[in-house]
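**Q** One structure, pasted below without further comment.
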Amino acid sequence: MTEIIDGNAVASEIRDGLSEAIETLADEGARPGLATVLMGDDPASQTYVNMKQRDCEEVGIEGTHVDVDGDAPAEELYDAIDDLNADPAVHGYLVQAPVPDHIDYREVIRRIDPAKDVDGFHPENVGRLVAGDARFRPCTPHGVQKLLEATAVDTEGADVTIVGRSRIVGKPLANLLIQKADDGNATVTICHSRTDDLAAKTRRADIVVAAVGVPELIDGSMIDDGAVVIDVGVNRVEADTEKGYELVGDVEFESAAEKASAITPVPGGVGPMTRAMLLYNTVKAASLQEQVDVEL
Ligand code: NDP
């Protein structure tokens, strides 16, 4: 029987744990604060920040939101960032990507106080992660690790193939999984658009992680019998539904599920974990800044 990994259930357990940590912080007079910054009015980004704000409200994090006009000069965004860096009630924040074309996203990331960089994208945090001394693990890779842990998948000695080498998913996940740590110790192959014979690399893996952005690129013929499949992809494809589209992953679920021992669905797999780990990083940021020990 193939196990369908329930990301909503695992995320809900993590959020319950966070509620306890938030109570501990409250006992010390500290309330974690998360701010979201949105430049422009991209509808998908708007939906993402709304969800993050709703998540905050549900677990007792003080959520604030800053809108910056999409046509404003970079300095206006920088001013908003400087204000958040200086605000002691904001323990963590993020600038929702993508930013408008006239903004240099890397410069934006460099301006964020690394102690408040709950996405874990600042070069200092990337460096710490690579060095094995992570302050904030980026939310999606951390969520994947937690899903594996909750499914009792041992990464030690496992052959893991990650398809996708992005800054936010593939690369940090590879770095985490090769760490000398209980949730690491894997042997990792990273694939990308120039990889030769992708199927050979996925077929030899005990764990396949797909983070590509190509609908159903990985099918059952590319999966070894009994492998664990984690599908990070979220792709809108046209469908005969009320909205006119449906969400599919980077994995062809039906054929892959026939081969896999465990697999994440889309939606309801990695997505809810990414959201939960942002809350986790916010609570961690608050605990570090307020110098209150909490169990995470
Ligand atoms: P990027 O576009 O930044 O990276 C995609 C990666 O896939 C690149 O490394 C690219 O290679 C590689 N790639 C593209 N086509 C192929 C191919 N045919 N064969 C092998 N590799 C290929 O994407 P992200 O990492 O940001 O996101 C990946 C997916 O995950 C998307 O669907 C996104 O929506 C989803 N996502 C979901 C999240 C969640 O919470 N569930 C969070 C973040 C992302 P190259 O480097 O050579 O271009």
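Start counting the sequence shown at 1; every next residue gets the next number (full-length UniProt numbering). Built from N, CA and C at the ideal position, the CB exists for glycine as well.
(1) How long is the line joining the alpha carbons of Leu173 and His142, rounded to whole angstroms?
(2) Could you pull out every residue in the same chain whose Cβ sits closer than 7 Å to the Cβ of Asn185, ignoring the five residues on either side in sequence?
(3) For Gly33 and Ala89, which I take to be in contact (beta-carbon distance under 8 Å), what is that distance rounded to the nearest angstrom?
(4) With a threshold of 7 Å (Cβ to nearest heavy atom), would Val130 be considered close to ligand 1?
(5) What's the gap between the Cα of Val188 and the Cα of Asp69?
(6) Count the C-beta pairs between the region 24-38 and the region 158-170 that are closer than 8 Å, then say yes if the count reaches three, no if not.
(7) Would you kindly work out how many angstroms separate the C-alpha atoms of Glu269 and Ile207, rounded to a whole number?
(8) The beta strand (DSSP E) with Asp159 in it runs from where to where?
(9) Does the distance from the C-beta atom of Leu129 to that of Asn175 stay below 8 Å?
(10) Nearest-angstrom Cα distance between Tyr78 and Gln53?
(11) What first and last residue would you give for the beta strand (DSSP E) that runs through Gly63?
(12) Is the beta carbon of Asp250 closer than 8 Å to that of Ala210?
(13) Please name the residue, chosen from Gln145, Asn281, Ser193, that lies closest to Val229 on a Cα-to-Cα basis.
(14) Tell me, which residues are paired with Thr189 by DSSP?
(15) Tell me the residue span of the alpha helix (DSSP H) that contains Ala210.
(16) Do Ile103 and Phe121 have their beta-carbon atoms positioned less than 8 Å apart in this structure?
(17) Take Ser255 and list the residues in its own chain whose beta-carbon comes closer than 6 Å to its own, dropping the five residues that flank it on each side.
(18) I need the boundaries of the alpha helix (DSSP H) containing Val270, first residue and last residue.
(19) Is Asp117 helix, strand or coil when you go by DSSP?
(20) From Asp197 to Ala86, what distance separates their C-alpha atoms?
(21) Check whether the Cβ of Asp250 sits closer than 7 Å to any heavy atom of ligand 1, and report yes or no.
(22) Among the residues of its own chain, which have a CB less than 6 Å from the CB of Asp224, if the five just before and after it don't count?
(23) At a cut-off of 7 Å, would you count Leu247 as near ligand 1, judging by its Cβ distance to the nearest heavy atom?
(24) Using only alpha-carbon positions, find the residue among Val214, Asp55, Phe253, Glu149 that is nearest to Arg236.
(25) In whole angstroms, what is the alpha-carbon distance linking Val66 and Val232?
(26) Among Leu247, Leu217, Glu13, which has the Cα closest to the Cα of Ser193?
(27) Look at Glu290 and Glu28 and say whether their C-beta atoms are less than 8 Å apart.
(28) For Asn50, count the other beta carbons within 10 Å of its own beta carbon; 16 or more makes it buried, fewer makes it exposed. Which is it?
(29) Looking at the strands, I want to know which residues DSSP matches up with Glu3.
(30) Between the beta-carbon of Ala276 and the beta-carbon of Gly92, is there less than 8 Å?
**A** Per the coordinate set shown:
(1) 7 Å
(2) Thr155, Glu156, Gly157
(3) 5 Å
(4) no
(5) 42 Å
(6) no
(7) Checking the sequence shown, residue 269 turns out to be Gly, not Glu. Looking at the two C-alpha atoms, the distance is approximately 15 Å.
(8) 159-163
(9) yes
(10) 22 Å
(11) 62-68
(12) yes
(13) Gln145
(14) Thr161
(15) Unbroken run through Ala210 is the beta strand (DSSP E), 207-210; no alpha helix (DSSP H).
(16) no
(17) Asp219, Gly220
(18) 270-290
(19) strand
(20) 50 Å
(21) yes
(22) Arg203
(23) no
(24) Val214
(25) 28 Å
(26) Leu217
(27) yes
(28) exposed
(29) Ala262
(30) no
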